[in-house]
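Okay, so the sequence shown: first residue is 1 according to the working numbering, each after it adds one.
Each remark here refers to the structure printed beneath this line.
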Amino acid sequence: MLVHLAIRDLVIVRELALELAPGMTALTGETGAGKSILVDALGLTLGDKASPSLIRAGCERAEVASEFDLADCPAAARWLEAHDLDEDGQCQLRRVLVREGRSRAYVNGRPVTLSQLRELGELLLEIHGQHAHQSLMRPAAQRDLLDAYAGADAERAAVAEAHQALQSARAELEALREAAADRHNRLDYLRFQVEELTPVAPLAAELEELEAEHGRLAHAERLQRETAELAAALVDGEEDIGSRLGRLQRQLAELAELDPRLAPLGELLESAAIQVEEAGQTLRHYHDDLAIDPARLQTLDEQLGRLHELARKHRVETAELPALLERFQEELARLERADENLAALETRIGELESAYREAAAALSRRRREAAERLSQTVSERMQTLSMEGGRFAVQCEPDPELAGRHGSDRIAFQVAANPGQPLAPLAEAASGGELSRIALAIQVATADCGDIPTLIFDEVDVGIGGAVAEIVGRLLRRLGERRQVLCVTHLPQVAAQAHRHLQVRKHRDADRTETAIAPLDAEQRVQEIARMLGGVKITEQTLAHAREMMQPAAE
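Here it is in structure tokens:
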């Protein structure tokens with residue numbers, strides 16, 4: 001609901017701040033006083049086109065700001081949250097016009113694009129009038145209004161869910177089919193790589209052992225020769241270390257008899273002799289067991305060479321070859337199953353298409369039932385709004401080409417404003433005044449199901465008067481009991497029905513004209529209704545008539 005509107009330096013408004021309330025509010029004033037300025041200002045906060053000519057003469061910028069209470073508009077609250085513009089439940093729209101440069105738009109103090117401002121504005125406020133944008137002209141708005149009137153939330157959700165599942169499956173199928181063109185080449189490549197890597201890659205896990213064995217065999221002759229020499233030096237030679245240690249032990253034992261303090265040294269030499277003997281025996285066994293195997297060496301040369309060659313080819317470390325083989329094997333298995341997957345997916349798409357058709361058919365049935373009721377209700381309202389013989393119809397026809405997340409129906413609001421005329425699209429078959437009254441009839445009929453909290457009717461009473469004007473006023477008041485309604489009117493019968501009343505006044509001085517808007521109390525309302533009834537000269541009879549007109553609305 002619109003709770004506050006502020007205007008600064010716009011056209012002939014210097015500064016204006018309005019507090020607005022629920023219910024129906026009438027906006028009246030003398031011709032030329034500037035009643036349309038308020039509607040234009042709101043249009044700017046909704047993203048309407050701005051022009052520097054709207055800036056008040058002598059000023060460099062103009063500013064319009066509106067504030068909304070979102071308690072009755074959860075859709076707008078969700079929009080703000082989705083765009084990271086929510087601010088503790090506030091919703092402030094601001095538009096700044098500058099004489100040199102483009103206008104700027106803000107939501108809750110943060111810059112936004114005009115398209116974003118329009119998106120949010122369409123959730124908050126709707127303007128009906130001869131020269132204002134009207135959401136009822138948009139096919140999407142007509143569809144949404146019919147669905148809300150039908151109470152088809154569950155059916156809409158089911159269709160959207162079925163459509164999403166179907167689209168996902170179709171995208172997956174398309175990806176598989178596109179891949180099929182390259183699949184055979186890829187299969188040949190993978191089979192070759194797997195065949196090439198399978199006998200070799202497992203060896204990479206034993207790389208350290210293989211390299212150690214290769215190094216041993218490559219130097220086998222030297223190892224044999226030099227281990228024999230070492231063994232001879234330790235235990236097998238004429239003057240080997242073992243023999244020399246034996247002689248030293250005996251000599252030290254003789255000395256220990258002369259001085260017992262040398263006895264421990266004998267123990268050390270004995271230990272050294274034992275270790276030398278063990279080392280010599282180990283070298284002897286190593287020498288005897290060491291084999292020179294040229295065939296095995298050649299095999300290792302080939303295996304290690306192949307491992308390093310494949311690692312270079314695939315640009316990986318040699319130790320990573322087993323993991324590479326595993327990846328190739330997994331992809332190969334997946335591609336070999338692709339035909340099975342393709343067939344299974346085609347079957348699933350058939351099932352999803354059937355599920356979508358069933359969901360769309362259920363939504364269509366609900367829409368057609370509601371279309372008949374809405375057509376009859378609005379047509380009946382038209383008869384009381386100076387459009388006798390006029391007809392309103394909601395066209396709801398299946399169209400497979402439209403199949404999507406909103407169903408597969410072509411929905412259009414059609415009207416014949418006069419008897420004998422054929423039905424035609426809403427925007428083509430009615431004049432501005434008729435269009436406003438038809439929109440009023442639709443809004444009243446759907447008041448309990450619509451989700452736009454604030455409605456503005458600009459000159460909906462053009463071309464009517466008398467009893468019809470009173471009926472229009474009553475309809476607006478009834479609508480105001482469910483929504484916030486702001487009505488710009490020149491008819492006292494309409495203004496008298498309002499819950500609240502704003503008056504537009506124009507002030508002139510020597511070189512400047514300014515417009516102000518002020519709320520009226522009960523007695524001021526009587527004076528304004530009387531002015532609208534009788535012109536400049538207001539008589540007691542006119543005042544009495546004004547009070548009489550306001551009495552039914554107050555009851």
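Quick reminder that beta carbons are idealized off the backbone N, C-alpha and C, glycines included.
- Query: Taking DSSP as the reference, what is the three-state secondary structure of Asp53?
  - Reply: Here residue 53 refers to the residue found at position 53 of the sequence shown. At residue 53 the sequence reads Ser, which differs from the Asp that was named. In the three-state reduction of the DSSP assignment, Ser53 falls in the helix class, which pools H, G and I.
- Query: Does the Cβ of Cys59 have 16 or more other Cβ atoms within 10 Å, making it buried, or fewer, making it exposed?
  - Reply: The residue labelled residue 59 in the question sits at position 59 within the sequence shown. Label assigned to Cys59: exposed.
- Message: Alpha carbons only, please: which of Ala169, Leu117, Gln303, Thr198 is nearest the one belonging to Glu208?
- Response: Walking along the sequence shown from the start, residue 208 turns up at place 208. Nearest C-alpha to Glu208: Gln303.
- Is it buried or exposed for His131, if we count other Cβ within 10 angstroms and need 16 for buried? For the purposes of this step, residue 131 is identified with residue 131 of the sequence shown, where counting begins at 1. At His131, the pLDDT of 45 sits below 50, so the modelled position is not reliable and the matter cannot be decided from this model.
- Message: Among Leu42, Asp236, Val468, Asp288, whose alpha-carbon lies nearest the alpha-carbon of Gln224?
- Response: Translated into positions along the sequence shown, residue 224 becomes position 224. Comparing Cα-Cα distances from Gln224 to each of Leu42, Asp236, Val468, Asp288, the minimum goes to Asp288.
- Query: With a Cβ-Cβ cutoff of 8 Å, do Leu197 and Leu310 count as a contact?
  - Reply: If you number the sequence shown from 1, residue 197 lands on position 197. If you number the sequence shown from 1, residue 310 lands on position 310. Yes, these two residues count as a Cβ contact at 8 Å.
- Item | Range of the contiguous beta strand (DSSP E) that encloses Met24 | Working through the sequence shown from its first residue, we reach residue 24 at position 24. Looking at the DSSP string, the run of the beta strand (DSSP E) that includes Met24 is 24 to 29.
- Alpha carbon of Glu174 to alpha carbon of Arg296, nearest angstrom: The residue you call residue 174 lines up with position 174 of the sequence shown. The residue you call residue 296 lines up with position 296 of the sequence shown. Taking C-alpha positions only, Glu174 is separated from Arg296 by approximately 54 Å.
- Chain-order list of residues whose beta-carbon lies under 8 Å from that of Ser115 (same chain, five-residue window excluded): Position 115 of the sequence shown, counted from the first residue, corresponds to residue 115. Counting only Cβ-Cβ distances below 8 Å, and skipping sequence neighbours, we find Gly47.
- Using only alpha-carbon positions, find the residue among His501, Glu254, Glu331, Leu533 that is nearest to Leu190. Taking the first residue of the sequence shown as 1, we reach residue 190 at position 190. Of the candidates His501, Glu254, Glu331, Leu533, the one whose C-alpha sits nearest the C-alpha of Leu190 is Glu331.
- Message: According to DSSP, Pro111 sits in a beta bridge with which residue or residues?
- Response: Taking the first residue of the sequence shown as position 1, residue 111 is located at position 111. Bridge partners of Pro111: Tyr106.
- Span separating the alpha-carbon of Val472 from that of Leu385: Residue mapping note: residue 472 aligns to position 472 of the sequence shown, counting from 1. Residue mapping note: residue 385 aligns to position 385 of the sequence shown, counting from 1. When the Cα atoms are used, Val472 and Leu385 turn out to be separated by approximately 7 Å.
- Message: Taking only three categories from DSSP, how would you classify His133?
- Response: Within the sequence shown, the letter at position 133 stands for residue 133. With a pLDDT of 38 at His133, under the threshold of 50, the predicted position of this residue should be treated as unreliable, though the coordinate-derived value follows. Of the three classes helix, strand and coil, the one that applies to His133 here is coil, per DSSP.
- Just the C-alpha distance for Pro264 and His285, rounded to the nearest angstrom, thanks. Within the sequence shown, residue 264 is the residue found at index 264, counting from 1. Within the sequence shown, residue 285 is the residue found at index 285, counting from 1. Going by the C-alpha atoms only, they are around 32 Å apart.
- Considering only the beta carbon of each residue, do Asp69 and Val112 sit closer than 8 Å? Start at 1 with the first residue of the sequence shown, and residue 69 comes out as number 69. Start at 1 with the first residue of the sequence shown, and residue 112 comes out as number 112. No, the Cβ-Cβ distance between Asp69 and Val112 is not below 8 Å.
- Message: Taking the alpha carbon of Asp521 as the reference point, which residue from Leu125, Ala498, Leu363 has its own alpha carbon closest?
- Response: The count along the sequence shown starts at 1 and reaches residue 521 at position 521. Of the candidates Leu125, Ala498, Leu363, the one whose C-alpha sits nearest the C-alpha of Asp521 is Ala498.
- Does the distance from the C-beta atom of Pro526 to that of Ala441 stay below 8 Å? Position 526 of the sequence shown holds residue 526. Position 441 of the sequence shown holds residue 441. Note that residue 526 corresponds to Val in the displayed sequence, not to Pro. The Cβ atoms of Val526 and Ala441 do not sit closer than 8 Å to each other.
- How many Å lie between Leu138 and Asp182 at the Cα? Taking the first residue of the sequence shown as position 1, residue 138 is located at position 138. Taking the first residue of the sequence shown as position 1, residue 182 is located at position 182. As written in the sequence, residue 138 is Arg, which differs from the Leu given in the question. Cα to Cα, the separation comes out at about 45 Å.
- Message: I need the DSSP call for Asp9, collapsed to helix, strand or coil.
- Response: Within the sequence shown, residue 9 is the residue found at index 9, counting from 1. DSSP places Asp9 within a strand segment (E or B) once states are collapsed to three.
- Query: Span of the alpha helix (DSSP H) holding Glu81?
  - Reply: Reading the sequence shown from its first residue, position 81 is the one you call residue 81. Counting along the chain, the unbroken alpha helix (DSSP H) around Glu81 starts and ends at 74 to 82.
- Message: Between Ser66, Ala140, Arg143, which has its C-alpha nearest Tyr106's C-alpha?
- Response: Position 106 of the sequence shown holds residue 106. Out of Ser66, Ala140, Arg143, Ser66 has the C-alpha closest to the C-alpha of Tyr106.
- Leu268 classed as buried or exposed, judged by whether at least 16 other C-beta atoms fall within 10 angstroms: The residue labelled residue 268 in the question sits at position 268 within the sequence shown. With fewer than 16 other Cβ atoms inside 10 Å of its own Cβ, Leu268 counts as exposed.
- Task: Taking only heavy atoms of the ligand FAD into account, decide whether any of them is closer than 7 Å to the Cβ of Glu174.
- Result: The ligand FAD is not among the ligands present in this structure, which contains no ligands whatsoever.
- Query: Helix, strand or coil: how does DSSP classify Arg525 here?
  - Reply: By one-based count along the sequence shown, residue 525 stands at place 525. The answer is helix: DSSP assigns Arg525 an H, G or I state.
- Taking 8 Å as the cut-off, decide whether the C-beta atoms of Thr318 and Leu325 are in contact. Numbered from 1 along the sequence shown, position 318 holds the residue referred to as residue 318. Numbered from 1 along the sequence shown, position 325 holds the residue referred to as residue 325. For the pair Thr318 and Leu325, the CB atoms are not nearer than the 8 Å cut-off.
- Item | For Arg102, the nearest candidate out of Ala6, Pro52, Ala140 (CA to CA) | On the sequence shown, residue 102 is found 102 positions in, with the first residue counted as 1. That would be Pro52, whose Cα lies nearest to the Cα of Arg102.
- Task: Determine, using beta-carbon pairs with one atom in the stretch 386 to 395 and one in the stretch 406 to 418, whether at least three such pairs fall under 8 Å.
- Result: Taking 8 Å as the limit for Cβ pairs, the verdict is that the stretch 406 to 418 does touch the stretch 386 to 395.
- Message: Once DSSP output is grouped into helix, strand and coil, what is the label at Val200?
- Response: Counting from one through the sequence shown, the residue named residue 200 turns up at place 200. Three-state result, Val200: coil.
- Item | Status (buried if at least 16 other CB within 10 Å, exposed otherwise) for Leu556 | Lying outside 1 to 555, the shown extent of the chain, residue 556 is not represented and no answer is given.
- Rounded Cβ spacing between Gly266 and Leu252 (contact assumed at less than 8 Å): On the sequence shown, residue 266 is found 266 positions in, with the first residue counted as 1. On the sequence shown, residue 252 is found 252 positions in, with the first residue counted as 1. Approximately 5 Å separates the beta-carbon atoms of Gly266 and Leu252; this is inside 8 Å, confirming the contact.
- Could you please give the first and the last residue of the uninterrupted alpha helix (DSSP H) stretch that includes Ala233? Taking the first residue of the sequence shown as position 1, residue 233 is located at position 233. Element bounds for Ala233: n/a, residue is neither H nor E.
- Task: Out of Val394, Arg410, Gln395, state which residue places its alpha-carbon closest to the alpha-carbon of Arg401.
- Result: The residue given as residue 401 occupies position 401 in the sequence shown. Inspection of the sequence shows that residue 401 is occupied by Glu rather than by Arg. Closest option to Glu401, judged by alpha-carbon separation, among Val394, Arg410, Gln395: Arg410.
- Message: Only counting the same chain, and skipping five residues up and downstream in sequence, which positions put a Cβ closer than 6 Å to that of Ala516?
- Response: For the purposes of this step, residue 516 is taken as residue 516 along the sequence shown, with counting starting at 1. Answer for Ala516: Arg505, listed in chain order.
- Query: What whole-angstrom Cβ distance do Tyr149 and Ala370 have, given they're in contact under 8 Å?
  - Reply: Your numbering for residue 149 matches position 149 in the sequence shown. Your numbering for residue 370 matches position 370 in the sequence shown. With a Cβ gap of about 5 Å, Tyr149 and Ala370 count as contacting.
- Around the C-beta of Ile529, are 16 or more other C-beta atoms found within 10 angstroms, so that it is buried, or is it exposed? Indexing the sequence shown from 1 puts residue 529 at position 529. So Ile529 ends up on the buried side.
- Message: In the DSSP output, which residue or residues are listed as bridge partners for Ser66?
- Response: Your numbering for residue 66 matches position 66 in the sequence shown. Residue pairing of Ser66 in beta bridges, as defined by DSSP: Leu5, Leu93.
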